[in-house]
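In what follows, a single structure is set out as C-alpha cells and then discussed.
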Amino acid sequence: MSRLMRIYYYAVLGAIGGLIGWQTSNLIGLSFTVNLLLNEVIVGALIGLSIGVLIGLAEGSLTRNPMQAVKTCLISGGLGTVGGAIGLPIAEGLFQMLGGEIIGRAIGWGIFGLFIGLADGITGGSQMWKGALGGMLGGLLGGVLLESSRRLLVDSLMGKAAGLILLGASLGAFIALIIYLLSRAWLEVKSGKLKGTEFILDKFMKVNGPSAFIGSSALKSDIVLPDPDIAPQHALLKGADSHFNLKDISREGTYINNRRIEQTKLKNRSTIKMGNTELVYHEKR
Amino acid sequence: MRKHIHKLGHLGLTIISLVALTGFLPAQENDPTGSETSVQITQVDTSQFPQVTVYVSTTDINGEPVGVPASQLKLEENGVAINPDSVSGVGEVGPLSTLLVIDISGSMNSLGKLVAAKEAAKAYVNQSRPNDATGLLTFNTQYNYVQALTTDNQALVEAIDGLTAYDDTAMYDALMYAVEILAPLSGRKAIIVLTDGMDNRSNAAPADVISSISPAGLSISTVGLGDPRHSEGNLRGLDEASLKELADRAGGVYGYAENAEGLRDLYERYGRALQSEYVLTYTSPSTLRDGVNRSLTVSLSDESSAAAAAGLESTTYNPGGLVPEVAQPASWALFFTLLAGLVLLLALPAILGKAISLIRDPQKTKVKFTEQQPKIKLKN
C-alpha cells in the first residue's frame, strides 16, 4: 500500500461515511424536537458516528487486520459520535454569530469538522491536533461547496450531499495526508502480505507513553504482521522521545541490518527482519 | 473572577443561545420618507420556529411611543406579505427583562453624574410593571452583576443607592457579559447602557458585542451622559458615534442627556417605549431550518392616504441549520447509486491493478484458463 493509496482509501471511505451521514440527517431532519440544541446534538452525533466508523475502518483494513479494523471502527465511531455531538451545536452557534452566508457556513463546517477530526485523530496513529487540522480544512471546503452548490443548483439536497461527501472525503484525506506529512517515525513493510504498508509510530514515541508490541497476533500486538514465522509477540518497540529502542522478545530472533539483536536503538533507515518479513524504520520526513 | 466567568461563558453563550435561538438584528434601514412615525424592529424571536415573534416599536420624532391601529402594521418575509397569527397591541407586550448597565468609572463622580444616573435608574424601575424583571450590572475596569434580574423593585432601589464610582471604563466587556445573562431567557429582552466616557479598557470590541447578540436576540439602547459643555463641542471623551452605531445595529436607540432631568426623562421614555411595543406572531411560509437568511420587513401603511408606507424597517433572521434540513430525504435509489459509485472508487485500484498485471503478464491468464478446463470436464 503506497502512501498515496493510503490517502485515497481514507478519502473514499470518509466520503462513504459522509454519504451515510447525509442520508441519516435527511431522514431525521432538524425539527424532530422543538429544542434546536438537542436536535443539533443528535444530528452531529450521527454524522460524526458515520464518518468516524468509516475512517476507523480505513485505518484497520489497510493493515489487513480484522481485529484491528473492528477495534478502530468502534473507537473511532464512538469518538466521532462525541466529537459531532459537541461540535455541531458549537458550530451552529458560530454560524449564527457570523451572520450565516458562505463565510458562516464555511467556518461553521470547519469547526464541526475540527471536532470530528479531533476525535478521529486519536485513532489515526498521530497526535490529536493533526486530525483536528485535517477535519477543519475538510470542513471549510465542505461548507464552501455546500453553500456554492446550494446557490448554483438551488437545491439544498444535492448541495448538502456534495458538502457532506466532501467533508468526509477531506477529513479522511487530510487525516491521512497530515499523518503522512507530519509523522516523525514509521515502519515500512518491505515484504510479505503487507508489502508497502506503513505503521505510524508517533503515538508510541513518548518516553512515558505506551510501548508497541510487534507480532503476528492481532489480540496481543499493536503492530500485526501476518507471518507464520513471527511470534505472537515478537519484539517490543519503546519510545525515547527522540528515537525508538527495539527489544527482541522472541525465540526466533530479530535482525537489524542482518545482525541479530537483543535490544538496540533504531537508526533512520535501519532494516529490521522478523520471520520472513522485512521492515524499514524511518524517522522524520 | 468575573473576567474568567465571562471568557468561559462566551463560548457557552453560543450554545445556550441555541435553546432560545433568535434571529439577527443587523443595521436597520429606517424609512427616509420623513414620516413623523417611525417603525423599528427591536427583537426577532425564532425559538419556536417556524413560529416567529417580531417585536415592533412605533415612535414619533421625539422617540415617544405612538399608538397605531394594528391593521396598519404590514409584515413581509422575503418579500412575501405575511398575515400574522396574532398581533398584540400597545400595553399588551409580555413581561420585559431589562438589564440596566451603568458606568461607575471615576469620571462619574464629577458634576453629580452618578447621582443623576441613580435617579434615572430608579425612575425606570419605579415605572416598570409588576411582572417586569430588571437587573443591575455596573462597570468600570471590571464589571459586577450587582443585582440579578428581579421583580422586587425595593431590592433594586437599594442596589442602585449603594453604587460608588472609581477606576477606568470597560463598557464592551460588560455588555458581552450582559448579553450572556439575557441570552437564555425568553420573551422581550433589553439592555440599557449608560456611559459618560470612552471605553479605554475593554478586551471586547463593539463588533464582538453585535456578533454575540445575533443568536441571543435582544436590543441594546445606549445613553451618553456628558456635561453642560457638550453643546460647545467638548464631549470629554464621550464616544457618541460608537454608541449610536451600537444602538442602531442592536435594535435599540441612542439618547444623549446633559443633566439629571434629561437623563431621567430618557430612561422613562425608554421604559414607555419598551412597554408599548407591538408583538406580531406568524408562522414562516418556509418551515425548513435551511440555514438561509431571510429578510423581514415591517412597514406602517398610512390608511388615510393611498401613499406608500409611512414607516419601514428591514432586518434579517436565520432559522438555524448549519447542516440544512431538506424538504424530503433523497430516494433510496439515489442514495444507493451514490454509494455504489463510491464503492466502485474503492475497488478501482484493485481492479486496475489486476488489469495491469494481466496486460503485463498475459501467461497468467492462459494458465488460469487451462487450469479451469479440467474442472469443467470433471463435472461433465
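Heads up: the protein sequence lines correspond to chains A and B, in order.
Residues in the first sequence are numbered consecutively from 0, following numbering that gives the first Met the number 0.
Residues in the second sequence are numbered consecutively from 0, following numbering that gives the first Met the number 0.
Beta carbons: idealized from backbone N, C-alpha and C, even for Gly.
Values in this document were obtained by computation on a predicted structure and should not be read as measured data.
**Message:** Taking 8 Å as the threshold (beta carbon to beta carbon), is B:ASN125 in contact with chain A?
**Reply:** Chain A, which has no Cβ nearer than 8 Å to the Cβ of B:ASN125, makes this no.
**Message:** Given this structure, state the Cα-to-Cα distance separating B:LYS73 from B:VAL297, to the nearest angstrom.
**Reply:** In a straight line, the C-alpha of B:LYS73 is about 6 Å away from that of B:VAL297.
**Asked** Going along chain B, which residues have a C-beta under 7 Å from A:GLU100?
**Response** Think of a sphere of 7 Å around the beta carbon of A:GLU100: the chain B residues whose beta carbon falls inside it are ASN292, in chain order.
**Request:** Note down, in chain order, every chain B residue with its Cβ under 9 Å from the Cβ of A:PHE111.
**Result:** The answer, in chain order, is LEU321, VAL322.
**Asked** Should A:MET135 be labelled buried (16 or more other beta-carbon atoms within 10 Å of its own) or exposed?
**Response** Label assigned to A:MET135: buried.
**Message:** Tell me the DSSP secondary structure of A:PRO225 in three-state form.
**Reply:** A:PRO225: coil per DSSP, three-state reduction.
**Message:** Cβ closer than 7 Å: which chain A residues qualify as neighbours of B:PRO328?
**Reply:** Chain A residues near B:PRO328: GLN22, ASN25, LEU26.
**Request:** Quick one: grab the DSSP three-state call for A:GLU277.
**Result:** Strand, per DSSP.
**Asked** For A:LEU186, which residues does DSSP report across the bridge?
**Response** The secondary-structure analysis by DSSP pairs A:LEU186 across a beta bridge with A:PHE198, A:TYR280.
**Prompt:** For chain A, is any of its Cβ atoms less than 8 Å away from the one on B:PHE138?
**Reply:** Put simply, the CB of B:PHE138 is far from chain A, with every gap to its CB atoms at 8 Å or more.
**Prompt:** In chain order, what residues of the segment 80-91 of chain A put their CB closer than 8 Å to some CB of chain B?
**Reply:** Of all residues in the segment 80-91 of chain A, LEU87, PRO88, ILE89, ALA90, GLU91 have a Cβ within less than 8 Å of some Cβ in chain B.
**Request:** At 8 Å on the CB atoms, spell out the chain A contacts of B:ARG359, in chain order.
**Result:** Those do not exist, as B:ARG359 stays about 17 Å from chain A at its closest Cβ, beyond 8 Å.
**Message:** Would B:GLN141 pass as an interface residue toward chain A - the criterion being a Cβ-Cβ separation below 8 Å?
**Reply:** B:GLN141 does not count as touching chain A.
**Item:** Beta-carbon proximity check, B:ARG293 vs B:GLU76, cutoff 8 Å
**Value:** It is a contact, given that the beta carbons lie within the stated cut-off.
**Item:** Proximal residues to A:LEU139 (C-beta, below 6 Å), its chain only, five neighbours per side dropped
**Value:** The residues are ALA105, GLY109.
**Beta-carbon proximity of B:TYR255 to B:PRO205, cut-off 8 Å** = The Cβ atoms of B:TYR255 and B:PRO205 do not sit closer than 8 Å to each other.
**Prompt:** From which residue to which residue does the alpha helix (DSSP H) around B:VAL156 run?
**Reply:** Per DSSP, B:VAL156 belongs to the alpha helix (DSSP H) from 152-160.
**Item:** Span separating the alpha-carbon of A:SER249 from that of A:SER182
**Value:** A:SER249 and A:SER182 have their C-alpha atoms some 28 Å from each other.
**Message:** Along the chain, where does the beta strand (DSSP E) containing B:THR163 start, and where does it finish?
**Reply:** Here B:THR163 belongs to no beta strand (DSSP E), and DSSP marks it neither H nor E.
**Request:** Tell me, please, whether the CB atom of B:ASP247 is closer than 8 Å to any CB atom in chain A?
**Result:** No Cβ of chain A is located within less than 8 Å of the beta carbon of B:ASP247.
**Prompt:** CB-CB under 7 Å to A:LEU298, same chain, minus the five flanking residues each way: which ones, in chain order?
**Reply:** Residue 298 of chain A cannot be examined here, being either before or after the span of chain A that is shown, 0 to 284.
**Message:** Does the CB of B:ASP289 have a neighbour CB from chain A at under 8 Å?
**Reply:** Yes, B:ASP289 counts as interfacial toward chain A.
**Message:** My output table needs one value for A:ASN244: the three-state DSSP class, helix, strand or coil.
**Reply:** Correct three-state label for A:ASN244: strand.
**Prompt:** Does the beta carbon of B:ALA204 fall short of 7 Å from some heavy atom of the ligand ATP?
**Reply:** Ligands are entirely absent from the displayed structure, and the ligand ATP is therefore not among its contents.
**Asked** Of the choices B:ALA80, B:ASP166, B:LEU95, B:GLY186, whose alpha-carbon is the least far from that of B:GLU283?
**Response** Residue identity differs from the one stated: residue 283 of chain B is Ser in this sequence, not Glu. Here the closest residue by C-alpha is B:ALA80.
**Asked** So, using beta-carbon positions, are B:PRO94 and A:SER155 closer together than 8 Å?
**Response** The answer is no: Cβ separation not under 8 Å.
**Prompt:** According to DSSP, is B:PHE335 helix, strand or coil?
**Reply:** DSSP, read as helix, strand or coil, puts B:PHE335 in helix.
**Asked** Mind pulling the chain A residues with CB within less than 9 Å of B:PRO348?
**Response** Near B:PRO348 (Cβ distances below 9 Å), the residues of chain A are MET4, TYR7, TYR8.
**Request:** Sort A:LYS192, A:GLU251, A:ALA239 by Cα distance to A:VAL223 and report the nearest one.
**Result:** The shortest Cα separation from A:VAL223 among A:LYS192, A:GLU251, A:ALA239 belongs to A:LYS192.
**Prompt:** According to the neighbour-count rule (16 or more other Cβ atoms, all chains shown, within 10 Å of its Cβ), is B:PRO318 buried or exposed?
**Reply:** Counting the other Cβ atoms within 10 Å of the Cβ of B:PRO318 gives 16 or more, which makes it buried.
**Asked** Who are the Cβ neighbours of B:ALA177 in its own chain at under 6 Å, not counting the five residues just before and after it?
**Response** Closer than 6 Å at the Cβ level, and outside the excluded window around B:ALA177, lie LEU98, VAL100, LEU136, ILE190.
**Request:** Specify whether the segment 44-52 of chain A and the segment 5-23 of chain A touch according to this definition: at least 3 beta carbon pairs, one from each stretch, less than 8 Å apart.
**Result:** By the Cβ criterion, the segment 44-52 of chain A is in contact with the segment 5-23 of chain A, since at least three pairs of Cβ atoms, one from each stretch, lie closer than 8 Å.
**Item:** Outcome for B:ARG359 when other beta-carbon atoms lying within 10 angstroms are tallied against a minimum of 16
**Value:** Flag for B:ARG359 reads exposed.
**Item:** chain C contact for B:SER218 (CB, 8 Å cutoff)
**Value:** Looking at the structure shown, chain C is missing, and the protein chains on hand are A and B.
**Same chain only: Cβ atoms within 6 Å of A:THR71, ignoring 5 sequence neighbours per side** = Cβ neighbours of A:THR71 beyond the five flanking positions: GLY55, GLU58, GLY59, THR122.
**Asked** Are the C-beta atoms of B:VAL325 and some chain A residue less than 8 Å apart?
**Response** Closer than 8 Å to some Cβ of chain A, the Cβ of B:VAL325 qualifies, so yes.
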